[in-house]
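Chains as they are written, first to last, in our numbering: chain A, 3 to 326; chain B, 3 to 326; chain C, 473 to 848; chain D, 473 to 848. Beta carbons are placed, not taken as given, at the ideal position from N, Cα and C, and that holds for glycine. What follows is one structure encoded as structure tokens, with my remarks underneath.
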Amino acid sequence: MTQMNMVSAVNDALRIAMQNDERVVLLGEDVGKLGGVFRATAGLHKEFGGDRVIDTPLSETGIIGTAIGMALNGLRPIPEIQFGDFIYPAVDQLINEAAKYRYRTGGDFVCPMVVRVPVGGGIRGGHYHSQTPETMFIHTAGLKVVCPSNPYDAKGLLLAAIRENDPVLFLEPKRVYRALKMDVPEGSYLVELSRAKVVREGEHVTLVAWGAMLLEAIAAAEEVKEQGIEAEVIDLRTLWPVDTETVVESVKKTGRMVIVHEAAKACGLGGEMVAQICEKAFTHLQAPPRRVTGWDTPFPYTLENEYLPLAHRIVPALTETARY
Amino acid sequence: MTQMNMVSAVNDALRIAMQNDERVVLLGEDVGKLGGVFRATAGLHKEFGGDRVIDTPLSETGIIGTAIGMALNGLRPIPEIQFGDFIYPAVDQLINEAAKYRYRTGGDFVCPMVVRVPVGGGIRGGHYHSQTPETMFIHTAGLKVVCPSNPYDAKGLLLAAIRENDPVLFLEPKRVYRALKMDVPEGSYLVELSRAKVVREGEHVTLVAWGAMLLEAIAAAEEVKEQGIEAEVIDLRTLWPVDTETVVESVKKTGRMVIVHEAAKACGLGGEMVAQICEKAFTHLQAPPRRVTGWDTPFPYTLENEYLPLAHRIVPALTETARY
Amino acid sequence: MKVVAKQDSTPASAASRKLVSVLDLDGRADPEQDPRLELSLVKRIYEAMVRTHLIDARLMKLQRQGRIGFHVGCEGEEATVIASSAALREQDWIFPCYREVGGALYRGLPLQSYIDNMYGNSNDTAKGRQMPDHVTARSVHFASITAPIGTQITQAVGFAWAAKIKKQDLVTVTYFGDGATSSNDFHAGLNFAGVFQTPTLFLLRNNGWAISVPADHQTHSRCYADKGIAYGVPGVRCDGTDALAVYAVTRAALERAANGGGPTLIEFVSYRTGPHSSSDDPSAYRDTAETEEQAKRDPIKRLRRYLERQNAWSEADQTAVEERLQAELNACIERAEATAPPSIASMFEDVFEDMPAHLLEQQAECVNGPRTRKRH
Amino acid sequence: MKVVAKQDSTPASAASRKLVSVLDLDGRADPEQDPRLELSLVKRIYEAMVRTHLIDARLMKLQRQGRIGFHVGCEGEEATVIASSAALREQDWIFPCYREVGGALYRGLPLQSYIDNMYGNSNDTAKGRQMPDHVTARSVHFASITAPIGTQITQAVGFAWAAKIKKQDLVTVTYFGDGATSSNDFHAGLNFAGVFQTPTLFLLRNNGWAISVPADHQTHSRCYADKGIAYGVPGVRCDGTDALAVYAVTRAALERAANGGGPTLIEFVSYRTGPHSSSDDPSAYRDTAETEEQAKRDPIKRLRRYLERQNAWSEADQTAVEERLQAELNACIERAEATAPPSIASMFEDVFEDMPAHLLEQQAECVNGPRTRKRH
Ligand SMILES: Cc1ncc(C[n+]2csc(CCOP(=O)(O)OP(=O)(O)O)c2C)c(N)n1
Ligand SMILES: Cc1ncc(C[n+]2csc(CCOP(=O)(O)OP(=O)(O)O)c2C)c(N)n1
Ligand SMILES: [Mg+2]
Ligand SMILES: [Mg+2]
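Shown next as structure tokens:
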């Protein structure tokens with residue numbers, strides 16, 4: 003066990019994967035000599051050389067397009083998109099190509115790759131260094147979307163994602179990157195994809211969150227405890243394919259759900275989960291399922307802590323839902 | 003009044019807009035001499051010349067990026083994206099730029115443009131000529147999304163969209179393009195944005211649809227009538243900002259909702275509307291709100307009529323919901 | 473091999489952008505440029521060109537008859553497609569646009585496979601999920617055809633780059649049109665190939681048109697081969713209706729790439745004598761006079777004249793080949809039409825390696841649900 | 473005006489890619505190349521360069537002190553930014569990258585406006601919605617700064633294209649870095665500008681680095697100016713640390729564009745002597761020796777030496793200017809720090825022209841909801 007923050011956990015996972023599997027290569031802007039603008043690939047260029055830790059030209063189209071080609075030729079590329087906000091030039095390759103390769107070729111070609119994407123607010127990044135572009139990828143059949151909330155899961159999920167034979171978007175919440183340290187095992191271990199985790203048990207209301215907002219959800223759960231409300235907090239961990247079962251089981255118990263996400267509300271995963279709960283646990287619902295999300299505005303700079311669905315906004319949703 | 007199909011209604015709206023407002027220019031691949039691969043701009047190049055009906059190089063990035071520049075300089079560009087499936091190279095300009103221009107400049111710059119996009123299945127287009135990429139644009143604050151279901155609305159909504167001072171995605175369902183003709187007034191008229199329309203009254207279940215699936219919804223409603231079920235069919239017409247009120251009013255009356263869309267289910271507008279109904283009409287719900295959508299697979303070629311949420315799939319959802 | 477791609481990336485003088493050509497319109501080879509290919513190889517190329525041509529004609533007819541949904545062929549570009557494919561080694565990979573199925577057939581893709589794809593039936597390698605002509609054929613090192621313009625270009629670079637990293641001896645070639653040079657992936661692909669010196673050939677089919685947009689409205693560059701200069705990628709211009717020139721230029725660039733010499737951009741200048749696809753009607757945007765003029769460069773006729781000059785081809789040979797091909801085609805069509813569509817359950821397969829819960833549910837709902845009355 | 477942009481798009485010979493320069497490192501002007509600008513203009517440019525430099529230094533300090541969140545400056549590129557902006561006419565428009573706020577200030581943007589933007593306060597023209605240095609300034613024909621690399625390039629082309637359609641007499645200039653030449657919008661922007669001959673100047677600040685990626689790893693082209701060849705857009709290479717050359721080259725291209733001569737790509741060769749931004753530490757990826765060597769080309773010193781040689785500048789002048797600027801800066805900072813943040817209600821404004829129902833609801837929920845204890 004070593005104390006690690008999320009950046010070092012990601013770094014450790016990448017190092018282990020590269021040591022164990024020579025098919026693994028990293029590519030992206032500034033991932034090489036600099037070690038990434040968040041230092042997630044620090045030291046790897048030195049350890050594995052420029053053929054496996056590759057500084058690319060400034061083109062997300064090129065990064066993902068060539069990574070697909072590498073994957074088709076048997077490598078396991080792990081491209082980094084420097085910020086989630088800059089993934090859009092790669093969307094054509096991700097949505098029209100990576101996501102559909104297995105399907106459109108009847109399994110003749112597969113496209114295993116893990117696209118690492120720092121996402122979210124909380125670093126005073128404003129409009130263009132704070133977005134959480136998860137919705138469009140969840141919506142796209144053929145992509146898996148993962149988002150850890152802590153260093154332990156980050157390492158285990160990343161190692162598991164690298165073993166997938168399908169493209170995975172691995173969203174790393176920047177707000178958590180250096181926010182906490184925890185004990186993380188040395189060496190390889192896996193955290194299975196598509197398995198949510200009940201991180202706090204409770205009987206009054208189910209609280210679903212992931213990534214940076216998981217910590218806020220827990221804080222909110224602790225806060226409402228004083229009012230006698232026990233929230234069951236679920237960390238989705240994999241956003242798609244989502245672990246509906248764990249959420250449904252919990253809602254069947256509590257009869258209530260609040261879901262939290264940083265991304266804007268409209269068509270976010272919150273709405274999807276509400277619909278799924280209606281489909282699968284309608285008769286158990288004792289209160290309207292509720293969303294606490296980023297507002298339907300672009301992400302602002304100065305007021306980012308008013309934009310984000312932090313604990314202060316989760317608390318009233320929890321109490322109102324529990325008392326409904 | 004003239005009998006028009008949707009292609010001629012769109013064509014007519016464009017002609018009227020160009021006659022009345024010299025700021026209006028059209029640009030896109032093959033929109034000029036050829037008049038568009040669906041003929042929506044037929045005759046306009048001849049009538050208004052190459053300066054206002056512009057054949058561009060093959061770059062959706064360039065089409066939308068330059069259209070934004072034109073809009074900033076006071077024109078009213080109407081770019082065409084040849085197929086919805088090919089909008090992804092323009093997503094960066096749409097999401098990071100057009101959508102945020104007003105917001106990020108505090109209103110200093112605005113970006114009025116109507117992006118015309120033929121969308122959806124039903125023309126045996128398979129993977130890459132059938133997609134309905136509405137979700138990501140609904141999710142993006144700052145964009146309006148419109149999708150007519152018939153020639154009359156197409157003309158009136160398009161003329162209204164062109165008057166907007168914000169960017170509008172105008173999705174044209176290819177399956178409807180030449181499927182029906184109806185009486186359409188000559189000259190200019192407006193169909194207001196963000197107003198849904200109750201196209202069929204009923205008391206047992208609310209059925210929400212738009213675009214090409216509206217016709218299927220109506221067919222399904224007619225079919226269940228024989229079983230004594232009266233569905234209230236709502237044509238959303240504008241997908242965002244959506245007319246929640248009309249849907250909520252109807253659900254308050256019927257206590258039940260089925261929503262239909264061609265786009266894949268995960269994080270589609272269906273989930274969003276279910277969540278909104280839970281938020282605003284929970285106590286009125288007598289059955290779980292239900293979604294009938296494109297499956298969460300890429301769009302297939304041979305089996306497209308099994309992929310689409312056609313009447314045969316809407317009918318059981320309606321009966322089960324009505325009888326719940 | 474006389475025709476050598478320019479080895480450096482110095483901006484070319486006007487002279488170096490001369491069109492490389494071997495054959496004149498009547499099939500006479502310029503002795504200075506003639507790669508002197510074995511006649512058996514030339515015949516193989518010629519027969520494949522004829523085959524492609526016949527298949528195109530037949531598929532277009534089937535489309536007009538409503539028996540298939542769509543076709544996009546390579547009329548006028550047979551030399552570009554076939555002779556360049558013929559210049560490749562077995563281990564090399566093709567990242568195609570949508571007009572190069574002839575290349576896959578040349579490399580051994582069974583015609584039945586292609587025709588099954590045209591029908592999107594249950595034997596289609598793409599399992600009926602893509603439109604006709606969107607073939608996938610790993611067995612002949614032919615990656616999957618897609619519609620989005622340009623996306624195969626960066627993928628070809630990545631594949632070659634991986635080969636370089638893995639020290640595999642292979643070159644990737646990627647085909648695309650004049651229109652595709654405006655795409656994002658053209659820009660990124662050539663740039664990455666230049667920076668990382670990947671063994672990739674960029675085979676630009678300049679067929680004069682991108683649907684209705686003429687090649688000289690697509691860009692203001694002096695010629696398309698010049699675009700390599702922006703990336704330090706050597707550029708060559710070659711007559712794309714001249715099979716021998718196409719072969720020679722491709723082969724030279726291939727050898728250079730295989731020997732660590734890096735990528736090459738080759739502009740094959742030809743002409744799309746047919747419509748863009750079965751959905752297109754060119755009379756709306758171009759003069760038939762132009763088409764007729766360009767048809768004189770017919771690549772098939774030129775190569776046939778070359779063979780005839782060597783006494784290596786006769787009218788009887790032609791008849792025999794055509795009859796054999798038609799018979800083969802008839803058999804394939806008959807079989808494809810008798811083959812069932814893909815199963816409904818298969819619609820949910822291959823989204824992921826394993827089928828997740830939500831797709832199992834949707835599959836069950838669909839399979840057990842009512843069927844549409846609409847055809848498929 | 474002696475320095476003329478190449479008028480045609482013929483691939484340049486090596487010679488024509490010589491770096492255009494006027495001043496040597498000690499401020500001596502080459503009489504052949506000297507544009508012989510009025511001294512008052514040169515002084516204005518010089519003072520603006522000094523001003524930009526002082527502002528950069530001060531903002532970096534404020535960032536280190538935690539008083540502002542971020543800063544990105546133009547150290548080493550003051551001549552590129554200021555002298556090119558100075559060459560524009562009032563009606564021309566700038567589509568900036570993020571290092572050219574100095575150009576907006578030169579054109580009259582009040583310093584207070586800029587400093588308010590650095591604080592994202594309620595007087596910020598961007599209403600505190602963007603990071604510091606993301607200014608918007610319609611009043612001085614300066615479009616909005618954004619972070620996504622390259623997006624301004626196609627917009628500049630569209631704006632100029634509209635001007636051409638509307639027969640407005642204006643030119644757009646767009647700035648971007650060497651890294652940005654790899655972006656999709658560079659490719660589309662230059663291509664559209666070439667095809668539609670828009671009056672647009674592409675001002676490429678080649679400062680040697682894109683964060684940690686050196687300019688010679690960004691592309692394999694012989695030089696960045698060569699990239700124009702791919703689009704038929706004339707390219708010029710100019711010493712970007714030489715204010716007189718920058719002015720002359722920009723002015724010539726501007727006049728050409730204004731007279732219907734079409735777009736020009738100008739590569740300004742300079743060096744980013746500072747870190748990429750306040751978030752960056754260049755010691756991780758580049759030698760200080762290189763930086764020290766490059767610092768000798770200091771554009772400010774060179775222009776000062778030029779002025780001194782004309783007896784147009786003294787130590788006293790320098791002190792006076794610096795003192796004036798520091799006082800101005802102090803006052804602005806003081807005021808900005810005393811200005812309130814934007815109102816919470818304002819977060820929901822300007823998404824659309826009118827506020828739709830869902831935003832009215834969200835605004836009410838937010839304004840009436842509990843407040844975070846976190847700062848803003
Ligand atoms: C990204 C994208 N935009 C638009 C289209 C529609 N489209 C299909 S083919 C084509 C023209 C392609 O021209 P070119 O690259 O010259 O190839 P050619 O058909 O002439 O071989 C267009 C615009 C597309 N398939 N993909
Ligand atoms: C599309 C996109 N990708 C990545 C980034 C992150 N990023 C910000 S600046 C930069 C380097 C830009 O280099 P260059 O264009 O040379 O400009 P310079 O900073 O040197 O002036 C990068 C990679 C971004 N802002 N946008
Ligand atoms: Mg073409
Ligand atoms: Mg740079």
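{"Asked": "Exposure label - T4/B; buried when at least 16 CB within 10 Å", "Found": "exposed"}
{"Asked": "Cα-Cα separation between M473/D and L513/D, rounded to whole angstroms", "Found": "Any reading at M473/D must be qualified, since the residue scores a pLDDT of 30, below 50, and its modelled position is unreliable; the value itself is stated next. Whole-angstrom Cα-Cα distance: 15 Å."}
{"Asked": "Residue closest to N589/C, alpha-carbon to alpha-carbon, out of E251/B, L310/B, T304/B", "Found": "T304/B"}
{"Asked": "Buried versus exposed call for E218/B [16 or more other C-beta atoms within 10 Å across all chains shown]", "Found": "buried"}
{"Asked": "Proximity winner among A558/D, G545/D, L531/D, S493/D, relative to E510/D (alpha-carbon distances)", "Found": "A558/D"}
{"Asked": "Continuous beta strand (DSSP E) assignments of at least 3 residues falling wholly in the region 81 to 113 of chain B", "Found": "none"}
{"Asked": "Contacting residues, own chain, Cβ-Cβ under 6 Å from R292/B (five flanking each side not counted)", "Found": "V260, A319, T323"}
{"Asked": "Check: L60/A C-beta below 7 Å from any heavy atom of ligand 2", "Found": "yes"}
{"Asked": "Other residues of its chain near W565/C: CB distance less than 7 Å, five sequence neighbours each side excluded", "Found": "H613, A615, F631, L642, T644"}
{"Asked": "Where the beta strand (DSSP E) through L192/B begins and ends", "Found": "Note, L192/B: premise wrong, no beta strand (DSSP E); not H, not E."}
{"Asked": "Cβ pair count under 8 Å reaching 3, the region 34 to 54 of chain A against the region 597 to 606 of chain C", "Found": "no"}
{"Asked": "Contact set between the region 82 to 93 of chain B and chain C, restricted to residues whose Cβ is under 9 Å from the partner", "Found": "Q84, F85, D87, F88, Y90, P91"}
{"Asked": "Cβ-heavy atom distance, N731/C to ligand 2, below 7 Å", "Found": "no"}
{"Asked": "Cβ distance (whole Å) where N593/D is taken to contact P813/D below 8 Å", "Found": "6 Å"}
{"Asked": "Local conformation of H748/D per DSSP, three classes", "Found": "coil"}
{"Asked": "Contact list for N98/B against chain A, beta-carbon separation under 9 Å", "Found": "D87, F88, Y90, H129, Y130, Q133"}
{"Asked": "Listed by chain order, chain C residues near K699/D by CB distance under 9 Å", "Found": "I701, A702, Y703"}
{"Asked": "Environment of R118/B [buried if 16+ CB atoms lie within 10 Å]", "Found": "buried"}
{"Asked": "Touching by the beta-carbon criterion (3+ pairs, under 8 Å), the region 100 to 114 of chain A and the region 703 to 710 of chain C", "Found": "no"}
{"Asked": "Nearest to I517/D (by Cα), restricted to the options A761/D, Q835/D, A715/D, D826/D", "Found": "A715/D"}
{"Asked": "Distance between E264/A and W212/A (C-alpha atoms, nearest Å)", "Found": "9 Å"}
{"Asked": "Unbroken beta strand (DSSP E) run spanning A265/B, endpoints", "Found": "259 to 266"}
{"Asked": "According to DSSP, residues forming a beta bridge with E237/A", "Found": "According to the sequence shown, residue 237/A is Asp rather than Glu. Answer is K199/A, A211/A, bridged to D237/A."}
{"Asked": "Min CB distance Q834/C to chain A below 8 Å", "Found": "no"}
{"Asked": "heavy atom of ligand 3 below 7 Å from D650/C C-beta", "Found": "yes"}
{"Asked": "Min CB distance R17/A to chain B below 8 Å", "Found": "no"}
{"Asked": "Local conformation of E322/B per DSSP, three classes", "Found": "helix"}
{"Asked": "Rounded straight-line distance, which links the Cα of F542/C to that of Q584/C", "Found": "17 Å"}
{"Asked": "G638/D: first and last residue of the uninterrupted alpha helix (DSSP H) it sits in", "Found": "The sequence given here has Lys at residue 638/D, not Gly. 623 to 638 is the extent of the alpha helix (DSSP H) around K638/D."}
{"Asked": "Burial state of Q332/B (16 or more Cβ within 10 Å)", "Found": "Chain B is shown only over 3 to 326; residue 332/B falls outside these bounds and no answer can be derived."}
{"Asked": "Cβ neighbour criterion (16 or more within 10 Å) applied to A477/D", "Found": "Because A477/D carries a pLDDT of 31, less than 50, the predicted location of this residue cannot be relied on, and the following value inherits that uncertainty. Looking at its Cβ environment, which holds 16 or more other Cβ atoms inside 10 Å, A477/D is buried."}
{"Asked": "A682/D beta carbon near ligand 4 (any heavy atom closer than 7 Å)", "Found": "yes"}
{"Asked": "The region 265 to 275 of chain A touching the region 270 to 277 of chain B, judged by at least three CB pairs closer than 8 Å", "Found": "yes"}
{"Asked": "Span of the alpha helix (DSSP H) around R165/B", "Found": "153 to 165"}
{"Asked": "The region 737 to 755 of chain C / the region 671 to 687 of chain C touching (three or more Cβ pairs under 8 Å)", "Found": "yes"}
{"Asked": "Segment limits, alpha helix (DSSP H) that includes E24/B", "Found": "Where E24/B is concerned, there is no enclosing alpha helix (DSSP H), given that its DSSP letter is neither H nor E."}
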